[in-house]
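Undergrad: Take a look at the following structure, please.
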Amino acid sequence: MDGCRVFRKGSYEFNPFRLGEKTLEGTFEVTLSEYGSKEDLSCGIFRMKNNGFELTYPNDEVMLILEGEVEIAAGDDTLVLRAGDIIQVREGLRAVVRTKSSVEIFFVGYPVKIVRQPREKRSRDEH
Numbered sequence: 213m214d215g216c217r218v219f220r221k222g223s224y225e226f227n228p229f230r231l232g233e234k235t236l237e238g239t240f241e242v243t244l245s246e247y248g249s250k251e252d253l254s255c256g257i258f259r260m261k262n263n264g265f266e267l268t269y270p271n272d273e274v275m276l277i278l279e280g281e282v283e284i285a286a287g288d289d290t291l292v293l294r295a296g297d298i299i300q301v302r303e304g305l306r307a308v309v310r311t312k313s314s315v316e317i318f319f320v321g322y323p324v325k326i327v328r329q330p331r332e333k334r335s336r337d338e339h
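Take any residue in the sequence shown, count from 1 to its spot, add 212: that is its number in this note's numbering.
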């Protein structure tokens with residue numbers, strides 16, 4: 213079908229989440245831009261277990277918490293987000309993201325400023 217791209221279960225894989233050169237243990241993501249998406253939009257699924265990290269968001273992002281619970285702290289404010297919650301984050305927000313258990317998040321980032329290079333031997337169904 214023209215105008216859409218389908219990523220079927222099994223055609224993508226979760227990869228360790230990296231911040232710069234650091235790989236965070238127990239933290240994984242699927243970012244569809246790794247599978248050839250060249251749009252100004254990136255989306256994927258992020259998983260983290262009993263971990264946390266600090267980052268400055270490189271682009272605007274919308275996140276839907278699919279499972280679990282996550283804390284996002286910026287300055288003196290801390291939000292606790294649970295399954296079903298949606299958050300919009302603005303580019304440049306410096307925050308600490310952490311979970312004491314596990315969390316699964318669907319995210320959409322826009323506009324994408326840094327697109328990861330596709331990994332070798334990736335497959336996708338494109339119509």
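Just so it is clear, CB atoms sit at the ideal spot from N, CA and C, and this is done for glycine as well.
Could you tell me the alpha carbon to alpha carbon distance between G296 and E233, rounded to whole angstroms?
TA: 32 Å
Undergrad: Can you name, in chain order, every residue of its own chain whose Cβ lies under 6 Å from the Cβ of I284, other than the five neighbours on each side?
TA: L291, A307, V309
Undergrad: Buried or exposed: which applies to V218, given that a residue is buried once 16 or more other Cβ atoms fall within 10 Å of its Cβ?
TA: exposed
Undergrad: Exposed or buried, which one is E237 when buried takes at least 16 other CB atoms within 10 Å?
TA: exposed
Undergrad: Taking only three categories from DSSP, how would you classify R302?
TA: Of the three classes helix, strand and coil, the one that applies to R302 here is coil, per DSSP.
Undergrad: Straight-line CA distance for L253 to R302?
TA: About 14 Å.
Undergrad: Would you decide whether T311 is buried or exposed? Buried here means 16 or more other CB atoms lie within 10 Å of its CB.
TA: buried
Undergrad: Where does the unbroken beta strand (DSSP E) through F258 begin, and where does it stop?
TA: 254-268 is the span of the beta strand (DSSP E), which, as asked, contains F258.
Undergrad: According to DSSP, E237 sits in a beta bridge with which residue or residues?
TA: Partner residues in a beta bridge of E237, as assigned by DSSP, do not exist.
Undergrad: Given that a residue counts as buried once 16 or more other Cβ atoms are within 10 Å of its Cβ, and exposed if not, what is E225?
TA: exposed
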